[in-house]
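Visitor: Chains as they are written, first to last, in the numbering used here: chain A, 1 to 262; chain B, 1 to 262.
Note that the Cβ used here is the ideal one computed from N, Cα and C, for glycine as well.
2 protein chains.
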Amino acid sequence: MPAQATAPLGALDPTSDRAVFRQIADQLREAIDKGRFKEGDKLPSETELVEHYGVSRMTVRNSLSLLQGEGLVVSEHGKGVFVRPRPPVRRLASDRFARRHREQGKSAFTVEAEAAGSRPEVDSLEVKEERPSQDIATRLGGPRRVLARRRRYLLDGRPVEFATSYIPLDLATGTPIAEPNPGPGGIYARLEELGHRLDHFDEEIRARMPSPQEVKTLRLASGVPVIHLVRTAHDTEGRAVEVCDTVMAADAYVLNYQLPAN
Amino acid sequence: MPAQATAPLGALDPTSDRAVFRQIADQLREAIDKGRFKEGDKLPSETELVEHYGVSRMTVRNSLSLLQGEGLVVSEHGKGVFVRPRPPVRRLASDRFARRHREQGKSAFTVEAEAAGSRPEVDSLEVKEERPSQDIATRLGGPRRVLARRRRYLLDGRPVEFATSYIPLDLATGTPIAEPNPGPGGIYARLEELGHRLDHFDEEIRARMPSPQEVKTLRLASGVPVIHLVRTAHDTEGRAVEVCDTVMAADAYVLNYQLPAN
DNA sequence: GACAGCAGCTTGTCTAGATGACTAGCTGTC
DNA sequence: GACAGCTAGTCATCTAGACAAGCTGCTGTC
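Pasting the structure below:
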């Protein structure tokens, strides 16, 4: 006798004024929370839920799409609905751009990923001049044109981050910064070699749901938000020398910051 | 003749293999992005969309729930579907817990809110002893029991943040820290008075979709993620003296950090 | 003028189907 | 063994309709 897939599920309360599809979602959510369905497990199929609860298929689908919106499950066409596996998260230390790290040569992303035993990749490299948006221009002190460096980062084949660096054109033209590969230590190392000694970074963090474009680029499951980080690099003369606009898959990252108490 | 509510919308492409409900969502999204529907505007009613596109009501609802999941629109029962208004965001400076700010007396939240012209409130105050979770215990160095201080913060009547502070019981009992109102400057000021001079804070940031409980507590619209921040306060002897677990409505906050470049 | 009640709008929930498309495993042929 | 084709099971999309429930403004009564 095969184990009943719906075994962890109870019955509906017809006297409750909570909508049926919410009750079903509640029971599935509870079963997941309590570990009766584990990460990667297949949930009962829509047909099984229809039979178990005696409701129509649309009602069941309504429940499942609720859970999908919460980021608890993912559905795979032709296969089933699965408890969303939580990928390992990458911790971003707040000192990852400290000068001492730049001396190693490799990029922060590569070093950290390899240390964590993951296979890092960088793709979609695009380097070109453009007119900055209002926001970027303001942050950089109003240059007419900037160099934009776009890239996408992947860990073990999974895209996790999409970033664009903007550098005022007068700082970048004719330097390795305008090359596809800026060399060891990245553009911060190059900026310092060019005499722009870095003083501090400002980081601005937001979280929101992704645009359809971002869903595609980062291959996001539904119910996964993005972290939007905008970092501005200032040199010791107070000039903003770079703005880096980063969109990260929120389920792939934990950001760490250390703040002095004085 | 009244203006057609569906005026900004085009027609479907029956040859496209993009699902009809996605095409409808695309058109609505574009109209919103381009400002043809502005913040707070009412979208065409489901009936109007049904007539405009010649599809069934469930298809239209499917489109709308897609946009709701993206956080672009909110629906109000009996009224309509509206472009989600973006509330003003509160910027959290990374030095808001610096010692110099504690000398003012009021809490950081109150000071900042009033400076921004908003009406701050704090409610759901609960102060009690409890056994810490595994995670909290580890962060605090393994105390058997802790003092938990829970509160919810509101701006202009809107809940924006839900926070719990955990303090090892041996630091808190018999001090103002265990009182409902810990006095001017908050518990950090009290901890320093008790000889625990603060050295630094560690902050850990995640973003995710809210649990149903969090949706209720923070009155979140669907499609709004939460920012989960865990701050650990360390004294100059290296001891963790407090952990603050905060869940924030992501549409109400921008987090700012300043990092030295050395 | 105040107000109760109704009409007509809105979204919310649910049913009962139909068809399509993807996946995985099986089977039979070559 | 390789592989094409079949089949059963799965989710994806869409239709047509029913009733419930919340909101707003109008209307008629008092």
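Out of Leu125/A, Asp245/A, Glu204/A, which one is the CA nearest neighbour of Ala178/A?
Guide: Checking every option, the nearest Cα to that of Ala178/A belongs to Leu125/A.
Visitor: Residues bridged to Pro260/B by DSSP?
Guide: In the DSSP output, where bridge partners are listed per residue, Pro260/B has His200/A.
Visitor: Starting from Lys216/B, trace the alpha helix (DSSP H) in both directions and tell me its first and last residue.
Guide: Taken as a continuous stretch (DSSP letters only), the alpha helix (DSSP H) holding Lys216/B covers 212-217.
Visitor: Which bits of chain B does Asp17/A rub up against, with CB to CB less than 8 Å?
Guide: Ordered by position in chain B, no residue passes the 8 Å Cβ test against Asp17/A, which lies about 14 Å from the chain.
Visitor: When Cβ atoms are compared, which residues of the region 188-205 of chain B fall closer than 7 Å to chain A?
Guide: Answer set for the region 188-205 of chain B: Leu198, Asp199, His200, Phe201, Asp202, Glu203, Glu204, Ile205.
Visitor: Quick one: is Asn181/B near chain A, going by C-beta distance under 7 Å?
Guide: Not an interface residue.
Visitor: What's the C-alpha gap between Thr232/B and Leu171/B?
Guide: For Thr232/B and Leu171/B, the distance between alpha carbons rounds to 15 Å.
Visitor: Could you spell out the range, first to last residue, of the beta strand (DSSP E) harbouring Thr246/A?
Guide: Run containing Thr246/A: 240-249, per the beta strand (DSSP E) assignment.
Visitor: Using a beta-carbon distance cut-off of less than 9 Å, what residues from the region 249-261 of chain A approach chain B?
Guide: Correct list: Ala250, Asp251, Tyr253, Val254, Leu255, Asn256, Tyr257, Gln258, Leu259, Pro260, Ala261.
Visitor: To the nearest angstrom, how far is it from the Cα of Met1/B to the Cα of Glu39/A?
Guide: Caution is warranted here: a pLDDT of 36 is assigned to Met1/B, below 50, making its placement in the model unreliable, and the coordinate value is therefore given only provisionally. Cα to Cα, Met1/B sits roughly 57 Å from Glu39/A.
Visitor: Which residues in the same chain as Leu255/A place their Cβ atom closer than 6 Å to its Cβ, once the five residues preceding and following it in sequence are excluded?
Guide: Result list for Leu255/A: Leu92, in chain order.
Visitor: Determine the closest residue to Val60/A out of Arg145/A, His77/A, Asp235/A, Ile24/A, with distance taken between C-alpha atoms.
Guide: It is Ile24/A.
Visitor: Determine the contact status of Leu169/B and Ala240/B, defining contact as a CB-CB distance below 7 Å.
Guide: Contact flag unset, no.
Visitor: What do you reckon, are the CB atoms on Pro225/A and Ala207/B nearer than 7 Å?
Guide: Yes.
Visitor: Going by DSSP in three states, Arg77/A sits in which element: helix, strand or coil?
Guide: Before going further, note that residue 77/A is His rather than Arg in the sequence given. DSSP places His77/A in coil when its eight states are reduced to three.
Visitor: Excluding the five sequence neighbours on either side, which residues of its own chain have a C-beta within less than 6 Å of the C-beta of Thr236/B, listed in chain order?
Guide: Cβ neighbours of Thr236/B beyond the five flanking positions: Arg197, Asp199.
Visitor: Quick check: is the beta carbon of Ser263/B nearer than 7 Å to any beta carbon in chain A?
Guide: In this structure chain B extends from 1 to 262, so residue 263/B is not present and cannot be described.
Visitor: Going straight from the alpha carbon of Pro176/B to that of Val127/B, what length do you get?
Guide: Each residue's alpha carbon lies about 12 Å from the other.
Visitor: Just curious, the beta strand (DSSP E) that Ile167/A is in, first and last residue?
Guide: First-last of the beta strand (DSSP E) with Ile167/A: 158-168.
Visitor: Candidates Val243/B, Gln68/B, Ala221/B, Val55/B: which alpha carbon is nearest Ala249/B's?
Guide: Of Val243/B, Gln68/B, Ala221/B, Val55/B, the residue nearest in Cα terms is Ala221/B.
Visitor: Considering just the uninterrupted stretch of the beta strand (DSSP E) at Ala301/B, what are its terminal residues?
Guide: Outside the shown range of chain B (1 to 262) lies residue 301/B, about which nothing can therefore be said.
Visitor: Can you tell me the Cα-Cα spacing of Glu114/B and Tyr188/A, whole angstroms?
Guide: If you take the alpha carbons of Glu114/B and Tyr188/A, they lie about 39 Å apart.
Visitor: Could you check which residue in Arg151/A, Glu193/A, Ser63/A has the C-alpha nearest to that of Val81/A?
Guide: Checking every option, the nearest Cα to that of Val81/A belongs to Ser63/A.
Visitor: Under a Cβ-count criterion, where at least 16 other Cβ atoms within 10 Å of its own Cβ denotes burial, should Arg131/A be classed as buried or exposed?
Guide: Counting Cβ neighbours within 10 Å, Arg131/A comes out exposed, since fewer than 16 surround it.
Visitor: Given a threshold of 16 other Cβ atoms within 10 Å of its Cβ, counted over all protein chains shown, does Ala31/B qualify as buried or as exposed?
Guide: Ala31/B is buried by the Cβ-count criterion.
Visitor: Quick test of your reading: Asp156/A and Arg119/A, contact by CB under 8 Å. State the CB separation rounded to the nearest angstrom.
Guide: That pair is a contact at about 5 Å.
Visitor: Is DSSP giving Pro85/B helix, strand or coil here?
Guide: If DSSP states are grouped into helix, strand and coil, Pro85/B belongs with coil.
Visitor: Answer yes or no: do Gly186/B and Gly69/B have a C-beta to C-beta separation smaller than 7 Å?
Guide: Cβ distance not < 7 Å, so Gly186/B and Gly69/B don't count as in contact.
Visitor: Let me see if you follow: with CB-CB separation under 7 Å, is Gly35/B close to chain A or not?
Guide: No, no contact with chain A.
Visitor: Which chain A residues are close to Ser222/B, counting only those with a beta carbon under 8 Å from its beta carbon?
Guide: Residues of chain A passing the Cβ test: Gly69.
Visitor: Just to confirm, are Thr173/A and Asp245/A a CB contact at a threshold of 7 Å?
Guide: No. Outside cutoff.
Visitor: What separation, rounded to the nearest whole angstrom, lies between the Cα atoms of Thr217/A and Pro87/B?
Guide: One C-alpha to the other measures close to 28 Å.
Visitor: With Ser124/A as the anchor, note down where its alpha helix (DSSP H) starts and where it stops.
Guide: Careful: Ser124/A lies outside any alpha helix (DSSP H), inside the beta strand (DSSP E) at 120-130.
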